[in-house]
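Under our numbering, think of the first position of the sequence shown as 3, with each following residue one higher. Backbone N, C-alpha and C define an ideal beta-carbon position, used for all residues, glycine too.
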Amino acid sequence: MEKLKSITIENNEKYLRQISKTVDINDPEIHNNIVVLQDYCMQNDVMAMAGVQLGIPKRIVYVKNTNLEILNKRLTDEGKEETKDYNEAKVLINPEIISKDGLTTFWEACASCSWYENGIEMWYTGKVKRPFKIRLKYLDLEGNYHENEFEGFEATVLCHEIDHLDGVLHKDIADEVLVLTKEERIELRKKEGYTVIKKTGDYEQLKNA
Ligand SMILES: [Zn+2]
Numbered sequence: 003m004e005k006l007k008s009i010t011i012e013n014n015e016k017y018l019r020q021i022s023k024t025v026d027i028n029d030p031e032i033h034n035n036i037v038v039l040q041d042y043c044m045q046n047d048v049m050a051m052a053g054v055q056l057g058i059p060k061r062i063v064y065v066k067n068t069n070l071e072i073l074n075k076r077l078t079d080e081g082k083e084e085t086k087d088y089n090e091a092k093v094l095i096n097p098e099i100i101s102k103d104g105l106t107t108f109w110e111a112c113a114s115c116s117w118y119e120n121g122i123e124m125w126y127t128g129k130v131k132r133p134f135k136i137r138l139k140y141l142d143l144e145g146n147y148h149e150n151e152f153e154g155f156e157a158t159v160l161c162h163e164i165d166h167l168d169g170v171l172h173k174d175i176a177d178e179v180l181v182l183t184k185e186e187r188i189e190l191r192k193k194e195g196y197t198v199i200k201k202t203g204d205y206e207q208l209k210n211a
């Protein structure tokens, strides 16, 4: 199988900036679109992907890994082998955040925000504030309506992906942006990992305090 490539800001920033279209659940292409996202997620070490990152500007998100323990395990070759089949396989169609509570920070990276410099992959790595807890409405692949709460690191990943659907990148909203290699990012996250500042309270107010 040909390796799928993410659209990056380097090769098409304008494309990534578009607002993705709401999915008609009877769209005959939607199952194939999800398969494309799933294949990419299984071939690459990513947490999740939004459709627009792979040339599908529809409001779809595929979630593979939001488990910090598993993500940390994957930093060693042994752990990588042990966790290679790990997949949450969550499909979110037309996700919409209803409420945001609490405050966290994390040094985020993005499959669409990397490029090569002298053969080395460099990444925009941004310290981003996100809510600790979100309430989300979305459809699954069968068209069933869901309304659920997500909290902790999963909420951070979901917020990052849902931003993609509105053409927003992590580097746009980060308090601080660094250009790092993957190794440098791993070191930075060891020193300053996912941080919960507050679990409750209105996110918008906490963010601007
Ligand atoms: Zn991203």
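- Here DSSP, grouped into helix, strand and coil, assigns Y196 to coil.
- For C115, the distance from the CB to the nearest heavy atom of ligand 1 is below 8 Å.
- For K60, the beta-bridge partners assigned by DSSP are K23.
- Unbroken alpha helix (DSSP H) runs of no fewer than 4 residues, entirely contained in the segment 52-109, are found at 70-75, 79-84, following chain order.
- For the pair W117 and L190, the CB atoms are not nearer than the 9 Å cut-off.
- Of the heavy atoms belonging to ligand 1, at least one sits nearer than 8 Å to the Cβ of H166.
- When beta bridges are read from the DSSP output, L190 appears opposite no residue.
- For N150, the pairing in a beta bridge is given by DSSP as L138.
- CA-to-CA, the gap between K7 and D103 works out to about 34 Å.
- Taken from the Cβ of Q55, at least one heavy atom of ligand 1 lies inside 8 Å.
- Within the model, the alpha-carbon separation for K92 versus I188 is close to 25 Å.
- At least one heavy atom of ligand 1 is found less than 8 Å from the C-beta of L171.
- Cβ contact annotation for I175 (same chain, cutoff 7 Å, sequence separation greater than five): V130, in chain order.
- About 14 Å separates the CB atoms of I9 and N35; that is not less than 8 Å, and the two are not in contact.
- Closest by C-alpha distance to H33, out of L143, V54, A52, is L143.
- By the Cβ neighbour-count rule, E151 is exposed, with fewer than 16 other Cβ atoms within 10 Å of its own.
- Contact between S101 and V54 does not hold, since their C-beta atoms are separated by about 24 Å, which reaches or exceeds 8 Å.
- Between T127 and the set E186, L70, L77, N146, the nearest pair of CA atoms involves E186.
- L77 is classed as exposed because its beta carbon has fewer than 16 other beta carbons within 10 Å across all chains shown.
- Counting C-beta atoms within 10 angstroms of its own C-beta, K173 has 16 or more neighbours from the protein chains shown and is therefore classed as buried.
- Approximately 6 Å separates the beta-carbon atoms of L208 and K200; this is inside 8 Å, confirming the contact.
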